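In the working numbering, the protein residues as written are 28 to 472.
Idealized CB from N, CA, C, for every residue including glycine.
Note that this is a predicted model, so its numbers are computed, not measured.
Structure, as structure tokens:
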Ligand SMILES: NC(=O)c1ccc[n+]([C@@H]2O[C@H](COP(=O)([O-])OP(=O)(O)OC[C@H]3O[C@@H](n4cnc5c(N)ncnc54)[C@H](O)[C@@H]3O)[C@@H](O)[C@H]2O)c1
């Protein structure tokens, strides 16, 4: 029985684990398996990433190079672009991107490409797990038929499961090993063995009855965040019109010890998950004739926040008898959230583009991001790349307006308050004391 074969290999730590896609999700996972005594092989299409891993040099901030180097040095981990090595793996975990098409429909082409590589080498005795976030049904409806078309049978020859990734880049408290892992197999055997495998590296595994439940659970988690952030953003705009301090309102409401969970407004949502994942769910719902209205509404509210931030800057300059056209605007932070280097879907891109389209001279400072590039989807203003500028006294004094888009911890906000003329703070990054002592005019979201 395939179940017993893989079980024995996992329990004796002889199982070889292949991880396809070594990005924010895949690299920490591959390193964790190696750290726990299993042998892991990382598969990449990007040769530079594979070479960097094999030199023991990490390009993911949450993976320290010394942990990577020790796994590589102990011959517990190596990376390759040669997919033939898949046949030597007992478990294969797919961690490739799941973006959206321009039409906002799911683009599962990376999952298909990885699955085709697996299909070519699939053999008796392998467990395949999909971790990429995707719509409910992908594992059953897309992967399973591909693998079975090879003539191999689920449960007799191979096992197949879905287990969503929940990694939170830059979060110092939660890492791979202390984030509970949901696991749903296409069969009971698949669930059991996938859960056993993850049990080697995470403290808590939560098995569910099917891959679809696991796929839907991940989308519920991220849709929950998108909808609640949308609510907070709507509240911020509402409070702006009513002249009430949103942040004080949220702080007060959050003192309720039950039935309330604080979410905070911001310049818009970013990253590879929250802006994208709900579309996977609403797309699948539409296939079944169901219109998911909360998702649509959250998308509408959240995607208008960059426009609102630009309106705050324009109004604040106007109060000072200045126009945005020709103003020098310093954007503080371009990553989609604090203390990380990821600019995917960052609202900063849209804010910068809108400011430039209105004639502003935009510069940015972000200690994590040396350069930002604008793809066609993100620009109406020409899309010239921008380079990080150091946060000097001259830079702060020369800016007509500073816009805090990302509240990185390492920025000297005291200096920002002391030297700026005007600050638009979209993250409530400036403490009450800093605001009180500042000579700058401060506008908060
Ligand atoms: N980044 C997060 O915080 C996060 C959190 C939870 C879930 N997820 C989900 O995990 C998945 C991966 O996200 P990520 O942030 O790690 O993406 P990423 O872009 O950081 O990494 C993906 C890697 O896969 C590689 N790749 C692409 N096609 C490949 C192929 N056919 N074979 C081998 N490698 C291939 C890319 O070169 C890249 O290095 C997505 O579905 C995402 O939604 C991401």
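How would you call residue i, buried or exposed, if buried means at least 16 neighbouring beta carbons within 10 angstroms?
i           : result
residue 471 : buried
residue 28  : exposed
residue 332 : buried
residue 174 : buried
residue 295 : buried
residue 269 : exposed
residue 245 : buried
residue 196 : buried
residue 284 : exposed
residue 317 : exposed
residue 247 : exposed
residue 192 : buried
Tell me whether the beta-carbon of residue i lies closer than 8 Å to the beta-carbon of residue j.
i           : j           : result
residue 135 : residue 125 : yes
residue 454 : residue 427 : no
residue 211 : residue 241 : yes
residue 179 : residue 166 : no
residue 66  : residue 43  : yes
residue 238 : residue 266 : no
residue 396 : residue 227 : no
residue 386 : residue 353 : yes
residue 325 : residue 253 : yes
residue 123 : residue 206 : no
residue 271 : residue 291 : no
residue 373 : residue 297 : yes
residue 337 : residue 391 : no
residue 468 : residue 343 : yes
residue 334 : residue 264 : no
Measuring CA to CA, which of the options is closest to residue i?
i           : options               : result
residue 187 : 89, 63, 282 and 119   : 119
residue 446 : 143, 424 and 154      : 424
residue 394 : 438, 93, 280 and 155  : 438
residue 155 : 127, 224, 90 and 196  : 224
residue 451 : 384, 356 and 57       : 356
residue 301 : 257, 123, 277 and 150 : 257
residue 409 : 383, 112, 416 and 387 : 383
residue 311 : 82, 133 and 105       : 133
residue 110 : 77, 102 and 231       : 77
residue 255 : 101, 322 and 160      : 322
residue 116 : 284, 45, 171 and 249  : 45
residue 35  : 153, 467, 464 and 264 : 153
residue 209 : 324, 232 and 215      : 232
residue 72  : 348, 465 and 108      : 108
residue 215 : 206, 181 and 207      : 181
residue 204 : 68, 388, 56 and 419   : 56
residue 54  : 104, 169, 367 and 251 : 104
residue 250 : 441, 466 and 160      : 160
residue 33  : 69, 193, 327 and 185  : 185
residue 70  : 93, 40 and 114        : 114
residue 128 : 100, 177, 303 and 414 : 303
residue 198 : 192, 282, 367 and 444 : 367
residue 407 : 378, 83 and 432       : 378
residue 448 : 436, 282 and 340      : 340
Residue i to residue j, Cα distance in whole Å?
i           : j           : result
residue 512 : residue 87  : An answer regarding residue 512 cannot be provided, because it is not within the stretch 28 to 472 covered by the chain.
residue 202 : residue 190 : 16 Å
residue 235 : residue 218 : 8 Å
residue 417 : residue 429 : 14 Å
residue 98  : residue 315 : 46 Å
residue 50  : residue 150 : 26 Å
residue 376 : residue 401 : 7 Å
residue 412 : residue 398 : 7 Å
residue 52  : residue 346 : 46 Å
residue 60  : residue 351 : 52 Å
residue 319 : residue 309 : 6 Å
residue 457 : residue 91  : 30 Å
residue 306 : residue 162 : 9 Å
residue 371 : residue 329 : 16 Å
residue 58  : residue 148 : 24 Å
residue 140 : residue 106 : 18 Å
residue 142 : residue 261 : 41 Å
residue 112 : residue 102 : 15 Å
residue 168 : residue 138 : 13 Å
residue 170 : residue 83  : 33 Å
residue 327 : residue 200 : 32 Å
residue 63  : residue 177 : 33 Å
residue 279 : residue 288 : 12 Å
Looking at the C-beta of residue i, does it have a partner C-beta in chain B at a distance below 8 Å?
i           : result
residue 103 : Of the protein chains in the structure, only one exists, and it is not chain B.
Item to check | Runs of alpha helix (DSSP H) lying entirely within the stretch 167–210, each at least 4 residues, in chain order | outcome: Qualifying alpha helix (DSSP H) stretches, in chain order: 171–175.
Next on the checklist: My parser needs the alpha helix (DSSP H) runs of 4 or more residues fully inside the stretch 375–411; what are they?
Outcome noted: none
Item to check | Those runs of the beta strand (DSSP E) which lie wholly inside the stretch 93–122 and span at least 3 residues | outcome: Fully enclosed beta strand (DSSP E) runs of 3 or longer: 104–107 and 118–121.
Next on the checklist: Restricting to runs no shorter than 3 residues, where is the beta strand (DSSP E) found entirely within the stretch 300–376?
Outcome noted: 355–359
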